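Residue numbers (the UniProt record's numbering): 1 to 183.
Single-structure report; data block below.
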């Protein structure tokens, strides 16, 4: 049981035609999208487009044809987008069961050990150097912003990041050599 919607008169005859024929436009969009709520979204998008459309002074029949064409095109675009999303999406369980080639238990163990060694190497660095490295490499903060925050020059931040990277490479290289000698 729906109540009739009372609206005031619109400034544009095209928008008034849209308001007067909204239920028909929703039905047209629903036939294409297959869902009434998506059809409502399509009709709302059409309304927003019409607000910025130039004024059409042609006949009422031409205005209706224009409205129907806009809703039809938007509904088709929406349907195509939905079909594409369904084609490339999957359930969460499918994502958990993705096979990672080359991820043997040994490789996973080596990678985990390397990450632990890098984390240990970072704790050996001065706090300011470690902070600059983590903010730049892990959080993507620009070097000039890190420099402002630390009250140093961007060049110094660049050197701190470089020093931290060299230290991490040196430490992870030493541990991988030790692991290679054991095997």
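Ideal placement from N, C-alpha and C gives every residue a C-beta, glycine not left out.
None of these values were measured; they are calculated from a predicted model.
Endpoints, the alpha helix (DSSP H) within which residue 29 is located: 22-33
Cβ-based neighbour list, residue 76, same chain, cut-off 7 Å, excluding 5 preceding and 5 following: 32
Which listed residue (83, 18, 137, 107) has its alpha carbon closest to that of residue 34: 83
First through last residue of the alpha helix (DSSP H) which encompasses residue 249: Since the displayed the chain opens at 1 and closes at 183, residue 249 lies outside it and no answer follows.
Same chain, Cβ closer than 7 Å to residue 108, neighbours up to 5 away in sequence not counted: none
Status (buried if at least 16 other CB within 10 Å, exposed otherwise) for residue 97: exposed
Proximal residues to residue 74 (C-beta, below 7 Å), its chain only, five neighbours per side dropped: 42, 45, 46
Selected residue, minimal CA-CA separation from residue 125, among 143, 160, 136: 160
Buried versus exposed call for residue 197 [16 or more other C-beta atoms within 10 Å across all chains shown]: There is simply no residue 197 to check, as the chain begins at 1 and stops at 183 in what is shown.
Pairwise C-alpha distance: residue 92 and residue 26: 33 Å
8 Å CB neighbourhood of residue 172 in its chain, flanking five on each side removed: 114, 117, 118, 121
Alpha helix (DSSP H) segment containing residue 105, residue limits: 105-124
Neighbour-count burial assignment, residue 166, 16 or more Cβ in a 10 Å radius: exposed
Anticipated Cβ contact below 8 Å, residue 128 with residue 164, distance rounded: Going by Cβ atoms, the distance from residue 128 to residue 164 rounds to 10 Å, so no, they are not a contact pair.
Per-residue DSSP class, three states only, for residue 158: helix
Three-state class that DSSP yields for residue 167 in the structure shown: helix
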